[in-house]
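Structure record follows, encoded as structure tokens.
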Amino acid sequence: MVLVNWHTPKGLIIAAPGSGSGKTLVVMGLIAALRAQGMKIAAAKTGPDYIDTAFLSLAAGTKALNLDPWAMEQNRLKSLATTHASKADLLLIEGVMGLFDGAANGQGSTADLAETLGLPVLLVVDAARQSQSIAALVSGFANWRKNVQVAGVILNNVASVRHEQILRGALRALDIPLVGVLHKNQNFVVPSRHLGLVLPSDIEGMDAFINSVGAHIASQLDLDLVQTLARPLPNQNYSQRLAPLGQHIAIARDKAFAFIYAHWLEGWRNAGAKLSFFSPLNDEAPNSDCDAVFLPGGYPELHGERLANAHKFSVGLKAARSRNALIYGECGGYMVLGQSLTDKQGKTHKMTGLLPHSSAIDQPRRVLGYRALRHASPLPWDTELAGHEFHYSSASAHSLPPLFEAQDATGNVLCAMGGKDRNVMGSYAHVIDMKSGETP
Numbered sequence: 008m009v010l011v012n013w014h015t016p017k018g019l020i021i022a023a024p025g026s027g028s029g030k031t032l033v034v035m036g037l038i039a040a041l042r043a044q045g046m047k048i049a050a051a052k053t054g055p056d057y058i059d060t061a062f063l064s065l066a067a068g069t070k071a072l073n074l075d076p077w078a079m080e081q082n083r084l085k086s087l088a089t090t091h092a093s094k095a096d097l098l099l100i101e102g103v104m105g106l107f108d109g110a111a112n113g114q115g116s117t118a119d120l121a122e123t124l125g126l127p128v129l130l131v132v133d134a135a136r137q138s139q140s141i142a143a144l145v146s147g148f149a150n151w152r153k154n155v156q157v158a159g160v161i162l163n164n165v166a167s168v169r170h171e172q173i174l175r176g177a178l179r180a181l182d183i184p185l186v187g188v189l190h191k192n193q194n195f196v197v198p199s200r201h202l203g204l205v206l207p208s209d210i211e212g213m214d215a216f217i218n219s220v221g222a223h224i225a226s227q228l229d230l231d232l233v234q235t236l237a238r239p240l241p242n243q244n245y246s247q248r249l250a251p252l253g254q255h256i257a258i259a260r261d262k263a264f265a266f267i268y269a270h271w272l273e274g275w276r277n278a279g280a281k282l283s284f285f286s287p288l289n290d291e292a293p294n295s296d297c298d299a300v301f302l303p304g305g306y307p308e309l310h311g312e313r314l315a316n317a318h319k320f321s322v323g324l325k326a327a328r329s330r331n332a333l334i335y336g337e338c339g340g341y342m343v344l345g346q347s348l349t350d351k352q353g354k355t356h357k358m359t360g361l362l363p364h365s366s367a368i369d370q371p372r373r374v375l376g377y378r379a380l381r382h383a384s385p386l387p388w389d390t391e392l393a394g395h396e397f398h399y400s401s402a403s404a405h406s407l408p409p410l411f412e413a414q415d416a417t418g419n420v421l422c423a424m425g426g427k428d429r430n431v432m433g434s435y436a437h438v439i440d441m442k443s444g445e446t447p
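Counting in the numbering used here, the final residue of the sequence shown is number 447, and the numbers go up one at a time with none missing.
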């Protein structure tokens, strides 16, 4: 086995021609397989997705990172990736959607990240309905963009030994290594929920499942070749970050408030802020000494009754408001700051009532997309921010000033978002970072 020197962090991006090709499962399996050989693996996800990142964190045994080439400046991406990988043998980065798929304006793709970081791509191809045409598909992806190197291929969902032989024969015409072949296996399927994959904490026996996938990956892929394909990460030190919400930030963290970016927390700690965590589902209040409270997004609609009965949480939040602590909620956190929440079954639950809106799970299609945000509020961040929306709920109209003015990725002006009432504020936007002025 080839051992990677941790003093020179290396990385590899695992991408695919399109969504649903099995990227997450392959990356989790690779992480587990390499860890079983004694390697330290750092993991990251391209783009804003929280849920894939949670699965990668569980597989790696340490927090995975989001690297978003639409929302983050190039130097910021380089610095985050290199720092994240500095104590690991290898950084594995899962792509998003298809390799060249980005935001509506075409920017922010996995290919953009690969070019920025100078890392090669391992392409996971769903071969379920392919035979000789597989060579044209792989060749097209390998040659579409000269500064993006497809360094290897993994075939997934191969139907039979005969099917594998046909695919191997077709790929011999290309000068791209075949890292391995994964046959269709119904045992390796991760359940889905309305916002994508379920959180790993909701799946019984998830650790054993990941280990099983890792053992299968180890038996089918050339792990030495995977390590050989990796390339050094850029040497970059870039300190730009979102300022802490306060000197002591109390952060809600449980199954209802699970969507927290690791780069936020690390940046806040590096800036000297104290972080404490509490669980509204366990009826815990924010620390009485905090000067800021953060309610992240998550799945409050699945826990409406427990949140409605969380008396200590509600009283503690109102006490924080009274002592002028900054209270900020994103998406699910914004919903909980309102008067009520109506779940998918039509049952209405009382919320904390700090803001005047009510919310309901009533959208037939998800509201989804990147957002360029502008604000003038007590938030201690630059006026220009980059974020995203992803929800099936809506909030009622209110008379408060909006928290954000918003545009989509193509620059179209959207309705103003959220609301603010002195030191209490929130919106459906998940803020990712300070808005990049660069063009990838």
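Quick reminder that beta carbons are idealized off the backbone N, C-alpha and C, glycines included.
Asked, Found
"Compare the beta carbon distance of I439 and G394 with 7 Å and say whether it is the shorter of the two.", "yes"
"Whole angstroms are fine: how far does the CA of G426 sit from the CA of V322?", "21 Å"
"Would N154 and E122 be called neighbours here (beta carbons separated by less than 7 Å)?", "yes"
"If you run the structure through DSSP and keep just helix, strand and coil, what is L202?", "Note that L202 has pLDDT 44, beneath the 50 cutoff, so the model's placement of it is unreliable and no number is given."
"Since I believe R238 is in contact with M127 (beta carbons under 8 Å), could you give me their beta-carbon distance rounded to a whole number of angstroms?", "Per the sequence presented here, residue 127 reads as Pro, with Met not at that position. Indeed, because the Cβ distance is near 6 Å, the residues count as touching under 8 Å."
"Under the three-state reduction of DSSP, which class applies to E337: helix, strand or coil?", "strand"
"At the level of alpha carbons, what is the spacing between A265 and L178?", "42 Å"
"What does DSSP give as the partner residue(s) for D75 in the beta ladder?", "DSSP output for D75 lists no bridge partner at all."
"Count the CB pairs spanning the region 289 to 301 and the region 365 to 384 that are closer than 8 Å, and state whether there are at least three.", "no"
"Which value, in whole angstroms, describes the spacing of the CA atoms of N465 and A67?", "Coverage of the chain is limited to positions 8 through 447, which leaves residue 465 absent and any answer about it impossible."
"As an exercise, report each continuous alpha helix (DSSP H) stretch of at least 4 residues that is fully enclosed by the region 216 to 286, in chain order.", "230 to 236 and 269 to 277"
"Measure from the alpha carbon of Q193 to the alpha carbon of each residue in L206, S219 and L185, then state which is nearest.", "S219"
"Is there at least one non-hydrogen atom of the ligand FAD closer than 6 Å to the beta-carbon of M432?", "This structure lacks the ligand FAD; in fact it carries no ligand of any kind."
"Beta-carbon within less than 7 Å of G187's beta-carbon, same chain only, minus the 5 sequence neighbours each way: which residues are those?", "I161, Q227, L228 and D229"
"Pair every Cβ in the region 133 to 144 with every Cβ in the region 51 to 65, then say whether three or more of these pairs are closer than 8 Å.", "no"
"For A78, I'd like the list of residues in its chain whose CB is within less than 8 Å of its CB, leaving aside the five on either flank, ordered along the chain.", "P55, G115, Y377, A393, G394, H395, I439, D440, K442 and S443"
"If you compare alpha carbons, which of G305, I173 and P363 is closest to S406?", "P363"
"Let's test the definition: count the other Cβ atoms within 10 Å of the Cβ of V374 and tell me whether it reaches 16, buried, or not, exposed.", "exposed"
"Expressed to the nearest angstrom, what Euclidean distance is found between the alpha-carbon atoms of L202 and K319?", "Any reading at L202 needs caution, since the residue's pLDDT is 44, under 50, leaving its predicted position unreliable; the model's value is listed next. Answer to the nearest angstrom: the Cα atoms are 29 Å apart."
"Indicate the three-state DSSP secondary structure (helix, strand or coil) for T390 in the structure shown.", "coil"
"Count the other CB atoms within 10 Å of the CB of N289; is the residue buried (16 or more) or exposed (fewer)?", "exposed"
"Going by the CB atoms, is the gap between V131 and S28 shorter than 7 Å?", "yes"
"Among R260, M213 and D298, whose alpha-carbon lies nearest the alpha-carbon of Q254?", "D298"
"Thinking A423 and A413 are a contact (beta carbons under 8 Å), I'd like their distance in whole angstroms, please.", "7 Å"
"So what does DSSP say about E80, is it helix, strand or coil?", "coil"
"Please identify the residue among S329, R328, L272 and T349 whose C-alpha is closest to the C-alpha of Y306.", "T349"
"Spatial neighbours of A23 within its chain, please: CB distance less than 6 Å, with the 5 preceding and 5 following residues excluded, ordered by chain position.", "K30 and V131"
"Would you mind sorting G339 into buried or exposed? The rule is 16 or more other CB atoms within 10 Å of its CB.", "buried"
"Where are the beta strand (DSSP E) runs, 3 residues long or more, that stay fully inside the region 14 to 53, in chain order?", "17 to 22 and 48 to 53"
"Whose C-alpha, out of P409, A257, R330 and K70, is nearest the C-alpha of H382?", "P409"
"Got a sec, what are the start and stop residues for the alpha helix (DSSP H) K94 sits in?", "Note, K94: premise wrong, no alpha helix (DSSP H); not H, not E."
"Measuring only the C-alpha atoms, how far is Q243 from E171?", "42 Å"
"Buried or exposed for S329, please, with buried defined as at least 16 other CB atoms from any protein chain shown within 10 angstroms of its CB.", "exposed"
"I need the straight-line Cα distance from V165 to I141, nearest angstrom please.", "12 Å"
"Going by C-alpha to C-alpha distance, which of R313, D75 and D108 sits closest to A60?", "Residue identity differs from the one stated: residue 60 is Thr in this sequence, not Ala. Considering only alpha carbons, the answer is D75."
"From D119 to L106, what distance separates their C-alpha atoms?", "9 Å"
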